[in-house]
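Report on the structure given below.
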Amino acid sequence: MTPFIIVALSTDGYIARDSSAPSTVWTSKEDKKRFVEITKRARVVVMGQNTWKTFGGRALKDRLNIIYSLERLPDMAPEVEITSKPPADLIAELASRGFTEVAICGGSQIYTMFMQAGVVKRLYLTIEPVLFGDGIRLFKAPLDYKLKLIDDQKTEGGTRLVEYEVI
Ligand SMILES: NC(=O)c1ccc[n+]([C@@H]2O[C@H](COP(=O)([O-])OP(=O)(O)OC[C@H]3O[C@@H](n4cnc5c(N)ncnc54)[C@H](OP(=O)(O)O)[C@@H]3O)[C@@H](O)[C@H]2O)c1
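When you number the sequence shown by the numbering used here, it's gap-free, plus one each residue, and the end is 251.
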């Protein structure tokens, strides 16, 4: 089972300007393509309620959508699953349902919770050539991990597509 984080970052390390700002307005077409490819390969996406709202409350097609929240929003389709389980429990449940990868899709609260739980094995980072100066950071608590660089590609527009293994 390979749970992984997939995220787009400004070059100064932010994932968004604020908790309701959609990331799709500043990310490259290469990032959007990679997000669709990798999350469809995983077949399951996990995200927090704030991130779900930035997607306009629409489920991502052809993937099981699992949303961290204490309540189901009225406009959520019935096939969307709501959870508040500890990360290790959710990953174990998804493994028992036949999934071999899980895409952890943010935001900062969810990325931090999964990293702190020690279940994340890969990071797919897109580093976009933009600066925010302020905003929401990828993680919001101290972490202590070493990473092994697996892949690092650069697009014509200056976007870097990086993959790390969590050691
Ligand atoms: N650049 C990127 O790649 C990227 C990716 C993803 C998100 N983002 C950005 O990140 C921002 C949102 O991040 P965020 O940190 O504010 O919020 P978030 O992580 O998306 O969601 C936080 C919400 O998740 C729920 N939650 C968290 N832990 C929970 C638990 N243990 N049990 C049940 N529910 C739990 C809570 O919802 P309830 O209040 O309903 O309980 C909480 O308010 C947005 O601006 C979005 O665009 C960027």
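The beta carbon of each residue, even a glycine, is placed where N, CA and C say it ideally should be.
Do L222 and L93 have their CB atoms nearer than 8 Å?
Here residue 222 is taken as the residue at index 138 of the sequence shown, counted from 1. Here residue 93 is taken as the residue at index 9 of the sequence shown, counted from 1. It is a contact, given that the beta carbons lie within the stated cut-off.
Would you say T138 touches ligand 1, meaning its beta carbon is less than 7 Å from a heavy atom?
Walking along the sequence shown from the start, residue 138 turns up at place 54. Because some heavy atom of ligand 1 lies under 7 Å away, the Cβ of T138 counts as near it: yes.
Taking 7 Å as the line, does the beta carbon of A92 fall inside it for any heavy atom of ligand 1?
Working through the sequence shown from its first residue, we reach residue 92 at position 8. Correct: A92 has its Cβ closer than 7 Å to ligand 1.
Is it right to say E212 is buried, meaning 16 or more other beta carbons lie within 10 angstroms of its own, or is it exposed?
By one-based count along the sequence shown, residue 212 stands at place 128. Classification of E212: buried, given that the 10 Å Cβ count is 16 or more.
Please classify Y98 as buried or exposed, where buried requires at least 16 other C-beta atoms within 10 Å of its C-beta.
Start at 1 with the first residue of the sequence shown, and residue 98 comes out as number 14. Buried is the call here.
Helix, strand or coil for L174 per DSSP?
Here residue 174 refers to the residue found at position 90 when the sequence shown is read from its first residue. Correct three-state label for L174: helix.
Should G191 and R101 be called a contact, given that it needs their Cβ atoms to be closer than 8 Å?
On the sequence shown, position 107 is the one that residue 191 refers to. On the sequence shown, position 17 is the one that residue 101 refers to. Against a cut-off of 8 Å, the Cβ pair of R101 and G191 comes out as no contact.
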